[in-house]
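Residue 87 in the numbering used here sits at position 49 of the sequence shown, with consecutive numbering throughout. Even glycine gets a Cβ: it sits at the ideal position worked out from N, Cα and C. Single-structure report; data block below.
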Amino acid sequence: MRPITRRRLANFRANRRGWWSMWIFLVLFLLCLFAELIANDRPLLAKVGDRWFVPVAVEYAESDIIEDGFPTTAIWRDPTLQEEIAARDGWVLWPPLPYRYDTIIRDLGRPAPSPPSWQNPLGTDDQARDVLARVIYGFRISVLFGFALTLASSVIGVAAGAVQGYYGGWVDLGFQRFIEIWSGMPQLFLLIILASVIEPGFWTLLVFLLLFSWMSLTGVVRAEFLRGRNLDYVRAAKALGVSDGRVMWRHILPNAMVATLTFLPFLLSGSVTILASLDFLGFGLPPGSPSLGELVSQGKNNLQAPWLGITAFVVLGGVLTLLIFVGEAVRDAFDPRKLPGGST
């Protein structure tokens, strides 16, 4: 490991708040990646007679489980089916939370939304769906959307800024005028028009937001390439006949990535916020999808159920706080004024 890498890691660890925030976020994200194993209305494993079933991975018909069952998809939470399985000395292994994000709970015993209970730790929403299950699935889709948007926009933004800064002149001038015009487009109005034509989905929203989000890193990378293209080692490489692409990739981009990496956690938090905002306004994921923004909307529409608004605030605020703390630690790690251990 190079000395500069060791110094950056030491500075990152020295920021205890960012260091622990990173681990907390990673643990939560890894747990939510396996949401189907944590919250599901299908058992993880079942045995009926001598036969084994894996309902969490395979969809079975009721006739596959019991001989006189219906040839339709088995509803494992059906009390009648559970009695038939028990009569055959069978058993089922349920996940910790026996509900999916779209499971309608029929046996609440009170009108929805219902308050938190042992059965539903965070209560239910106004459609009798478990809030904790929706938070788990919503957290996963929000973070995955944020990662995808951040990665794609970073690649395009870095490439555009590199071309601008390296070639300069009319290329830089033309790109700048285009960015000024394109950044002035009314994104929300365009999204409303898009939503009236097609139903927005995960990939549709990703492509649409990518059309505008790539500009967030262009200015930083452009400035680094404008500065780096006139350095002595870059001019020497060009004099030796090294191609422009190789000069940009090997000699200038590593320095430009230092400034870029410090922005990535903040871009990720912004991407999560954008999706939540669009879902709150009704222009995000399709209705019924697990969404943190939809949970915020539930809290606004059901003021008599404060647990919905409190859950939405705590989850969104917690996720964004963790990402901001990680971003601060990454910024300290790449700060050349920081000595090993975090001192200045």
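DSSP state of residue i mapped onto helix, strand, coil
| i | result |
| --- | --- |
| T141 | coil |
| L130 | First, the amino acid is wrong: residue 130 is Val here, not Leu. In this structure, V130 counts as strand in the three-state DSSP scheme. |
| T110 | coil |
| W156 | coil |
| L135 | strand |
| L69 | helix |
| V86 | strand |
| A77 | strand |
| D168 | strand |
| F50 | helix |
| F91 | strand |
| A99 | strand |
Residues near residue i by beta carbon distance below 7 Å, same chain, minus five either side
| i | result |
| --- | --- |
| F351 | none |
| L75 | L82, V94 and P133 |
| V92 | L83 |
| Y271 | H289 |
| F363 | R55, G56 and S59 |
Close beta carbons around residue i, own chain, < 6 Å, minus the five adjacent residues each side
| i | result |
| --- | --- |
| G347 | G337 |
| G203 | R260, F263 and L264 |
| D282 | none |
Separation of residue j from residue i, as counted between CA atoms
| i | j | result |
| --- | --- | --- |
| S307 | E121 | 47 Å |
| T118 | R144 | 14 Å |
| R46 | T359 | 22 Å |
| R115 | P149 | 20 Å |
| F372 | A297 | 8 Å |
| A274 | L323 | 52 Å |
| S335 | A125 | 45 Å |
| G257 | K85 | 60 Å |
| Q342 | A166 | 15 Å |
| S327 | L243 | 14 Å |
| V357 | I217 | 31 Å |
| L255 | G207 | 20 Å |
| T430 | S329 | There is simply no residue 430 to check, as the chain begins at 39 and stops at 382 in what is shown. |
| L361 | G212 | 35 Å |
| R178 | A73 | 8 Å |
| A233 | G176 | 21 Å |
| G355 | A314 | 12 Å |
| I104 | L69 | 34 Å |
| N49 | R55 | 12 Å |
| L302 | S191 | 10 Å |
| L170 | M295 | 38 Å |
| W156 | P344 | 18 Å |
| G87 | A77 | 26 Å |
| A52 | L182 | 28 Å |
| G279 | G222 | 40 Å |
| N340 | G147 | 19 Å |
| G128 | W90 | 10 Å |
| G266 | L299 | 17 Å |
| L71 | G331 | 19 Å |
| P159 | G320 | 27 Å |
| V130 | Q225 | 49 Å |
| L66 | P154 | 21 Å |
| R284 | V235 | 44 Å |
| W220 | S309 | 19 Å |
| L228 | Q214 | 22 Å |
| F63 | G161 | 24 Å |
| L269 | R40 | 23 Å |
| Y205 | K276 | 13 Å |
Integer Cβ distance of residue i from residue j, believed to fall under 8 Å
| i | j | result |
| --- | --- | --- |
| V353 | V173 | 6 Å |
| L333 | T311 | With 8 Å as the limit, L333 and T311 do not qualify as a contact, their Cβ atoms being about 14 Å apart. |
| G107 | E97 | The Cβ separation is near 14 Å, so there is no contact. |
| W61 | A367 | The Cβ separation is near 11 Å, so there is no contact. |
| D163 | P151 | 5 Å |
| M253 | G195 | 6 Å |
| G365 | F304 | 5 Å |
Cut-off 8 Å between Cβ atoms - residues of its own chain near residue i, not counting five sequence neighbours on either side
| i | result |
| --- | --- |
| D79 | W114, R115, P136, Y137, R138 and T141 |
| I231 | none |
| V209 | V201 and Q202 |
| G239 | L323 and P324 |
| P109 | A99, E100 and S101 |
| N293 | E262 and G266 |
| L291 | V196 and A200 |
| E237 | P324 |
| I123 | A84, V86, I103, I104, W129 and V130 |
Residue i beta carbon near the ligand GDP (any heavy atom closer than 7 Å)
| i | result |
| --- | --- |
| A125 | Among the components of this structure there are no ligands whatsoever, and the ligand GDP is therefore not found. |
Chain D within 8 Å of residue i, Cβ atoms only
| i | result |
| --- | --- |
| I174 | Here there is only one protein chain, and chain D is not present. |
Sufficient close CB pairs (3 or more, under 8 Å) joining the segment 246-260 to the segment 186-203
yes
Under 8 Å, with one C-beta from each stretch per pair, do the segment 258-266 and the segment 196-212 reach the 3-pair mark?
yes
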